[in-house]
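The opening position of the sequence shown corresponds to residue 102 in this note's numbering, with each subsequent residue numbered one higher.
Don't be surprised by glycine CBs; every beta carbon is placed ideally from N, CA and C.
Because the structure is a prediction, the values reported are computed rather than measured.
Beneath this line is the structure, given in structure tokens, with notes to follow.
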Amino acid sequence: MRELKKGLKVLLLTLGAYLIQGCVMEHLAVQGAVGSVEFAVIAILTVSYGKKYAFCSSCLIGILKECMLGNVPAFYAIAYPVIAMLCAQFFADMSDRKRERLRMLNTTGRRRETDYPAEIRIPLCAGMMDALLNIVLCAYLYLIGVDIVFFHAARLLGSLVYTMALAAGLMVPLRIFLGMYHRRRRSEGGELL
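Here is the structure:
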């Protein structure tokens, strides 16, 4: 039952992100740069729930975008899951078993570089996904004969910053919705559990 609730929450967030991206974000463009709510949600799912849910969400968004915007056959259906899984390798939370194994192997007591708090990993993951997709799109533009100018780089940078800001702004409410922050209960004696 718990997995079903998680799956329904992920489905609701994924469809909501797709609809907001398609209907609202073009009206919220800043200097021609549009942030990606889809990548912000995928980043939140990647860090909060792990690779499995991020893959399912990115596949669904990729298929929906392919149905609506498919200029290049299968581009979005392939790009979204590949980019999400590539970023999940760096930013997804480790399982308890893997974390314990690394703790036993790491006898120096130093923290791993990828063991940063979720509040830092979520915007970085969203920014990296947005940057990778925009770089692929710029490479495609160059291959079809469009000259890449400063305007393209400025729009890429603006989109990256906008997406990271969206991820930072959405992460707390969406992580509360996903049940990532648990309230500590008090026992009958008044002690925190």
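Per the DSSP calculation, residue i is bridged to which residue(s)?
i: A134; result: V131
The alpha helix (DSSP H) that contains residue i, what's its start and end?
i: L109; result: R103 to C124
i: P182; result: F176 to F192
i: V262; result: F251 to F278
i: M169; result: K152 to L170
i: D248; result: Element bounds for D248: n/a, residue is neither H nor E.
Just mark residue i as buried or exposed, buried being the case when its beta carbon has 16 or more other beta carbons within 10 Å.
i: M205; result: exposed
i: S149; result: buried
i: A232; result: buried
i: C226; result: buried
i: Y243; result: exposed
i: N235; result: buried
i: V111; result: buried
i: E127; result: exposed
i: P274; result: exposed
i: A254; result: exposed
i: E139; result: buried
i: L114; result: buried
i: L129; result: exposed
i: C124; result: exposed
i: F252; result: exposed
i: F192; result: buried
Evaluate the contact criterion for the region 264-284 versus the region 182-190: three or more CB pairs, one atom per stretch, below 8 Å. no
Taking contact to mean at least 3 C-beta pairs separated by less than 8 Å, is the region 102-116 in contact with the region 154-162? yes
The region 114-128 / the region 160-176 touching (three or more Cβ pairs under 8 Å): yes
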